[in-house]
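Following: one structure in structure tokens, then a few remarks.
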Amino acid sequence: MMPTTLQASSIAPDIDALFNAMLVLSSVVVVGVFGTMIVFCVRYRRGSPADRTERKNQSLAVELTWTLVPLALFIGLFGWSIGLWQRLQTPPADAAVIYVVAKQWMWKAQHPNGQREINALHVPLGQPVRLVMTSEDVIHSFYVPAFRVKQDVLPGRYTQLWFTATRLGHFTLFCAEFCGTDHAAMQGDVEVLPPGLYAQWLERHASATLASRGASLFRQLGCSGCHGGQSTVHAPDLNGLYGRTVALSDGSHIVADDRYLHDSIMLPALQVVAGYAPIMPSYQGRIGEEDVLALVAYLKSPAREYAHEQQ
Amino acid sequence: MNSSDRAPHPENYLTAGEPGLWSWLRTHDHKRIGILYAVGITFFFFLGGIAATLIRLNLVTPAGTLMSAETYNKAFTLHGVVMVWFFLIPSIPATLGNFLLPLMIGARDVAFPRLNLFSWYLYVGGGLFTIGALLLGGVDTGWTFYTPFSTMFSNTHVVLAVVGVFVVGFSSILTGINFIVTVHTMRAVGMHWFRLPLFVWALYATSLVMVLATPVLAMTLSLIALERLLGVGIFDPALGGDPLLFQHFFWFYSHPAVYIMILPAMGVVSELITCGVRRQIFGYRFMAWSMMAIAVIGFMVWGHHMFVAGQSMYAGIVFSILSFVVAVPSAIKVFNWVATLYKGTIDFHAPMLYALGFVGLFMLGGLTGLFLAATALDVNLTDTYFVVAHFHYIMVGGSVMAYLGGIHFWWPKITGRLYPEGPARFAAILMFFGFNFTFFPQYLLGYLGMPRRYHAYPEPFQWLNVLSSAGASILAVSYLMPLCYLGWSLWRGAPAGTNPWRATGLEWTTPSPPPVHNFPLPPVVNEGPYRYRP
Chain A
0 MMPTTLQASS
10 IAPDIDALFN
20 AMLVLSSVVV
30 VGVFGTMIVF
40 CVRYRRGSPA
50 DRTERKNQSL
60 AVELTWTLVP
70 LALFIGLFGW
80 SIGLWQRLQT
90 PPADAAVIYV
100 VAKQWMWKAQ
110 HPNGQREINA
120 LHVPLGQPVR
130 LVMTSEDVIH
140 SFYVPAFRVK
150 QDVLPGRYTQ
160 LWFTATRLGH
170 FTLFCAEFCG
180 TDHAAMQGDV
190 EVLPPGLYAQ
200 WLERHASATL
210 ASRGASLFRQ
220 LGCSGCHGGQ
230 STVHAPDLNG
240 LYGRTVALSD
250 GSHIVADDRY
260 LHDSIMLPAL
270 QVVAGYAPIM
280 PSYQGRIGEE
290 DVLALVAYLK
300 SPAREYAHEQ
310 Q
Chain B
0 MNSSDRAPHP
10 ENYLTAGEPG
20 LWSWLRTHDH
30 KRIGILYAVG
40 ITFFFFLGGI
50 AATLIRLNLV
60 TPAGTLMSAE
70 TYNKAFTLHG
80 VVMVWFFLIP
90 SIPATLGNFL
100 LPLMIGARDV
110 AFPRLNLFSW
120 YLYVGGGLFT
130 IGALLLGGVD
140 TGWTFYTPFS
150 TMFSNTHVVL
160 AVVGVFVVGF
170 SSILTGINFI
180 VTVHTMRAVG
190 MHWFRLPLFV
200 WALYATSLVM
210 VLATPVLAMT
220 LSLIALERLL
230 GVGIFDPALG
240 GDPLLFQHFF
250 WFYSHPAVYI
260 MILPAMGVVS
270 ELITCGVRRQ
280 IFGYRFMAWS
290 MMAIAVIGFM
300 VWGHHMFVAG
310 QSMYAGIVFS
320 ILSFVVAVPS
330 AIKVFNWVAT
340 LYKGTIDFHA
350 PMLYALGFVG
360 LFMLGGLTGL
370 FLAATALDVN
380 LTDTYFVVAH
390 FHYIMVGGSV
400 MAYLGGIHFW
410 WPKITGRLYP
420 EGPARFAAIL
430 MFFGFNFTFF
440 PQYLLGYLGM
450 PRRYHAYPEP
460 FQWLNVLSSA
470 GASILAVSYL
480 MPLCYLGWSL
490 WRGAPAGTNP
500 WRATGLEWTT
510 PSPPPVHNFP
520 LPPVVNEGPY
530 RYRP
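Next comes the structure, spelled out in structure tokens:
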């Protein structure tokens, strides 16, 4: 009957250890303070014969004790929690990337090799997975209680979270940030598979990779008309752009990361490359975040492949 | 005080002047304005309570069959907006604070009596906008108005509600200014700062927060209206804005606002406990300074609402340690209240029961706040029922208990009548149990992963929700009881006399109800507060 708090990720037992430690500490405080209150209330009730002489109304030593002892405990708890926090915030370099796009009121996932799913997410057991997430509309929040992870998913930027699933089975994915009428229905199913079955699943659902889908979008949407090799339009060359530092027309510099590429497609007037006219049209409203992810994946793919596609 | 023998007896503030509603609506008397506020916040408390009742009824079944998702979303938005801005924030400061501040410092009135009345009209005006939004069909953004949902996606009356909150914000700014100036300039002869009752310190700290934080709310709400009505891109990324900017602005006000709600409660409880125990507060100066510390540090912790919102890891670290630090002065206060019981002579009248209930519930709310200050735990717990339970322990278990305790304690002074002690004690005890019954299951729900603001939920969460709803029905009875017996006492209560509690404090030296300008003769103070004799 009681919903269980399964520990299904590598960090869950460590999070729960801190939780339990604080629970014990709090219980000691609650019992101590309530106990003292009750003892005082009984002993010093009106009419009781208790000794009431030599009352003190202040004591610096006492005050300092109950200021500094809690402070020291709090700093200890803070230190403990920060270690875990850094782990939560730092995905391992070898984590597999899955892209997640949230929209009112569904979760869409794209695997690098083109598998796409809605309100479902397949992940392998025992291997770190990093989710790169964005939203089509309002703020959502990706929350899997069994993994003890949660991260808001925002429009206009990429946020990430990671986990290593340690238990096979199905786990509920909730949207945890209020996102409108059907917020409560915005749930999904995370299925943890043994690596072998996961590989089979990937194979069964494989289609064009994200980058190759991006390459065809690049042509269909007319990007290659200006950014292509033989173009007569004066547009920045995108070869090997990802990770490079770009000089902007306002004199500032920016590293071409996912967000920069995203914004250059959706809000091109925001950051114009130095020496170029702001003639690029905005694709806001014309393409969705999933297509942007594909385009960015294509731009990030090795320059060789990119050049090859141009011919 | 033997002045009352010689001075002529001026008319008390309730019966003075021409009779009728019109003289109340034009009054400059801080005591009458306090009562006007009390009428307003009581109305809004029960309006918000109706919304809460609907929420709890809907959550009895996992499918949420009572209401559609849309209606449910509007119900919790109404509950939040009304309870935060139209009940909790004005509750203690604008009613008990207005009534008592001049009496406690020995003044004739507040510094700006007309401004005080104007504040009340702003409060009513803001309330009308909010009720208007409700009558036209409601708002579904949640009381937090998160963007870009509130600006570009919600199809409800967001602007109307935002205007209501904007207007009521000015009411609290003006009240804050009024109180600060009053405390600085209108203290009686001999009433120096460390002779002030702790309730005055609490109001002073609260007023500072009101004056410094509320303008940021006003600005933020204006920006919402600007983006929603004119499409100026501020928060919506599709227009080139940044949704996180809104959260920073909003919590820069709304976290300090938590202290607007709890600091006055701490002040009230200090008055109640000292009288109930009949001894001086333990550690007066630590009690006063800890409230000031809360008011100041409270401005630096807003980012703990945003640990998973997308701010950097380092911002999370800084806001985490500051949130732990702000808990220290609260801990100091709890320990000092308990120490005050030591070697006292304790009477368990209703105000004392409320105060003891406050200390217990506030401690449970504060301790669970530490879980949320620990970033790694907050990741799992935030936006779940754990948070809902946490802030209800502080806001309802804390502030509402203290407010009702204060209303009972000063009822004889305000009305000149005694309330019936038996039902009052029963209601206080019932409230303590009803409250825990309602909200403790919500800690468990949150720990098990039930997200907040869910109109329907997975079935395993049902039995805890049923428990919570059952508790809420007990809680509702305990809230209705005071309405009945306090109302009864207005006509049938025994005359209170000047000082029925044998309490210290200048408000107890003047007749009940007090005369129009509070004191027959200006009081002179020659000792600190809480000089109780058992």
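Protein chains in written order, with numbering that gives the first Met the number 0: chain A, 0 to 310; chain B, 0 to 533. Using N, Cα and C, we set each Cβ at its ideal position, and we do this for glycine too. On a predicted model such as this, the values are computed, not experimentally measured, just so you know.
Inter-residue Cα distance where the pair is B:Asp4 and B:Pro510: Residue placement at B:Asp4 is flagged as unreliable, the pLDDT there being 46, under the threshold of 50; a coordinate-derived value is accordingly withheld.
Output, in chain order, the set of chain B residues within a Cβ distance shorter than 7 Å of A:Ser215. Within chain B, no residue comes near A:Ser215; the closest Cβ sits about 25 Å away, beyond 7 Å.
Need the endpoints of the beta strand (DSSP E) that A:Trp106 sits in, please. 105-109
If the criterion is Cβ atoms closer than 9 Å, does the pair B:Val300 and B:Val325 meet it? yes
How many angstroms separate the CA atom of B:Pro519 from the CA atom of B:Met103? 15 Å
Excluding the five sequence neighbours on either side, which residues of its own chain have a C-beta within less than 6 Å of the C-beta of B:Gly126, listed in chain order? Phe85
Is it the case that the Cβ atoms of A:Ser80 and B:Ser319 are separated by a distance below 9 Å? yes
Using a Cβ-Cβ cut-off of 7 Å (strictly less than) and excluding sequence neighbours within five positions of B:Tyr131, which residues of its own chain qualify? The sequence given here places Gly at residue 131 of chain B; Tyr does not occur at that position. Cβ neighbours of B:Gly131 beyond the five flanking positions: Leu159.
Inter-stretch contact (C-beta, 8 Å, three-pair minimum) for the region 267-279 of chain A and the region 234-249 of chain A: yes
What residues are listed by DSSP as bridge partners for A:Ala273? A:Ala273 is not bridged to any residue.
Is A:Cys178 helix, strand or coil when you go by DSSP? coil
Short Cβ contact (9 Å threshold) for A:Glu190 with A:His121: yes
Proximity test, Cβ basis, 9 Å: B:Asn525 and chain A: no
Considering only residues of the region 452-519 of chain B, which uninterrupted alpha helix (DSSP H) runs meet the minimum length of 4 residues and lie entirely inside it, listed in chain order? 461-491
Euclidean distance between Cα positions of B:Leu20 and B:Leu13: 12 Å
Quick check: the Cα distance between B:Phe245 and A:Gln229, rounded to an integer number of angstroms? 45 Å
Looking at chain B, which residues of the region 27-45 of chain A have a Cβ within less than 8 Å of any of its Cβ atoms? Val28, Val29, Val32, Phe33, Thr35, Met36, Phe39, Cys40, Tyr43, Arg44, Arg45
Between which residues of its own chain and B:Ile316 is the CB-CB distance below 8 Å, once the five residues before and five after are set aside? Thr374
For A:Glu202, count neighbouring Cβ atoms within 10 angstroms of its own Cβ and tell me buried if that reaches 16, exposed if not. exposed
Alpha carbon to alpha carbon, how far is A:Val128 from A:Gly195? 16 Å
So which of A:Lys107, A:Ile97, A:Phe141, A:Leu24 has the shortest CA-CA distance to A:Pro123? A:Ile97
Does DSSP classify A:Pro301 as helix, strand or coil? coil
I'd like to know if the region 414-425 of chain B and the region 483-497 of chain B are in contact, where contact means that at least 3 CB-CB pairs between them fall below 8 Å. yes
For B:Arg227 and chain A, any beta-carbon pair shorter than 9 Å? no
Please confirm if the region 89-106 of chain A is in contact with the region 137-153 of chain A, defined as three or more CB-CB distances below 8 Å between the two stretches. yes
Chain-order list of residues whose beta-carbon lies under 7 Å from that of B:Pro255 (same chain, five-residue window excluded): Val208, Ala212, Gly297, Phe298
Would you list the residues sitting across from B:Asn11 in a DSSP beta bridge? B:Pro514
Just checking: is the beta-carbon of B:Ser319 within a distance shorter than 9 Å of some beta-carbon in chain A? yes
Please report how far the alpha carbon of B:Pro513 lies from the alpha carbon of B:Phe111, in whole angstroms. 20 Å
Output the distance between the C-alpha atoms of A:Pro154 and A:Leu292, rounded to the nearest integer angstrom. 13 Å
For the candidate residues B:Pro18, B:Tyr529, B:Tyr418, B:Glu69, whose alpha-carbon lies nearest to that of A:Phe177? B:Glu69
Can you give me, in chain order, the residues of the region 421-441 of chain B that have a beta carbon less than 8 Å from any beta carbon in chain A? none
What are the boundary residues of the beta strand (DSSP E) that B:Ala74 is part of? Here B:Ala74 belongs to no beta strand (DSSP E); instead the alpha helix (DSSP H) covers 68-80.
Compare the C-beta of A:Val245 with all C-beta atoms of chain B and state if any pair is closer than 9 Å. no
Does the Cβ of B:Val268 have 16 or more other Cβ atoms within 10 Å, making it buried, or fewer, making it exposed? buried
Starting from A:His139, trace the alpha helix (DSSP H) in both directions and tell me its first and last residue. From DSSP, A:His139 is part of no alpha helix (DSSP H) but of the beta strand (DSSP E) over 139-143.
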